[in-house]
Amino acid sequence: GDSVTQMEGPVTLSEEAFLTINCTYTATGYPSLFWYVQYPGEGLQLLLKATKADDKGSNKGFEATYRKETTSFHLEKGSVQVSDSAVYFCALRVRGNNRLAFGKGNQVVVIP
Amino acid sequence: EPEVTQTPSHQVTQMGQEVILRCVPISNHLYFYWYRQILGQKVEFLVSFYNNEISEKSEIFDDQFSVERPDGSNFTLKIRSTKLEDSAMYFCASTWSGSGSLGETQYFGPGTRLLVL
Chain A
942 GDSVTQMEGP VTLSEEAFLT INCTYTATGY PSLFWYVQYP GEGLQLLLKA TKADDKGSNK
1002 GFEATYRKET TSFHLEKGSV QVSDSAVYFC ALRVRGNNRL AFGKGNQVVV IP
Chain B
1365 EPEVTQTPSH QVTQMGQEVI LRCVPISNHL YFYWYRQILG QKVEFLVSFY NNEISEKSEI
1425 FDDQFSVERP DGSNFTLKIR STKLEDSAMY FCASTWSGSG SLGETQYFGP GTRLLVL
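As given, the protein sequences belong to chains A and B, one line each in that order. Residue 942 is where the first sequence starts when you use the working numbering, and the numbers rise one by one after that. Residue 1365 is where the second sequence starts when you use the working numbering, and the numbers rise one by one after that.
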């Protein structure tokens, strides 16, 4: 079935550090890929997306490139801020399905 | 900016009791979804709803679960007889269109945390 795997465990880093969160997927069809973010007390918000291979999604300084050859969609940000502290979810959606398949999410804590 | 709202934010119930979780999707959206996240696990799809009927459901969505759009604004998830393992965060989501638009964004509510004792 369709699934998403995110790296294990929370991520703690200092302000202005480089952030990478790994995401790999398996899909029966040709998926669209998404990163959602959940700030404390809020719902899941779309951060960025990519709908075909080699597309790069970007928003708020975050980027992720759809890599079909490695079935990956890693999230990166060059210089994080305290306000980036949140839980980040990778997800996919395959044509013909309404459902999103999510990864477990990664808690990111940015220390001043 | 329009948003999906959910009530209550937290609910505690006894095993075997019925619960109804409520959601108000974005007003011009046509497709509605429920997901859940058990603590420490992935966000899981439960059901999608369009044109007053279920369009897709997962294996989790058994006879204990039902969904309804009782009026033009609310979308509810009912659990008929709660079990301990139903304890989770439940998220509602909505979209303008369905699976024909692969990049279509699903807009999520803040969730209802359900605790079954």
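From the three backbone atoms N, C-alpha and C, an ideal C-beta is built for every residue, glycine too.
Within chain B, no C-beta atom comes less than 7 Å from the C-beta of GLY1002 (chain A); the nearest is roughly 19 Å away. Beta-bridge pairing by DSSP links LEU989 (chain A) to A:TRP976. Around ASN963 (chain A), the same chain offers MET948, HIS1015 as residues with beta carbons nearer than 6 Å, after the five sequence neighbours per side are excluded. Rounded to whole angstroms, THR961 (chain A) and PRO972 (chain A) show a C-alpha spacing of 22 Å.
Positions of the alpha helix (DSSP H) runs, each at least 4 residues long and wholly inside the stretch 1367-1442 of chain B, cannot be given because no such run exists. In the three-state DSSP reduction, LEU1481 (chain B) falls in the coil class, being neither helix nor strand.
Bounds of the beta strand (DSSP E) holding ASN1047 (chain A) are 1047-1052. Listed by position along chain B, the residues whose Cβ is nearer than 9 Å to that of LEU989 (chain A) form an empty set, because the closest Cβ is around 11 Å away. GLU1420 (chain B) reaches chain A at ASN1038, ASN1039, ARG1040, counting residues in chain order whose Cβ is nearer than 9 Å. Here the alpha carbons of ILE1443 (chain B) and VAL978 (chain A) stand approximately 27 Å from one another.
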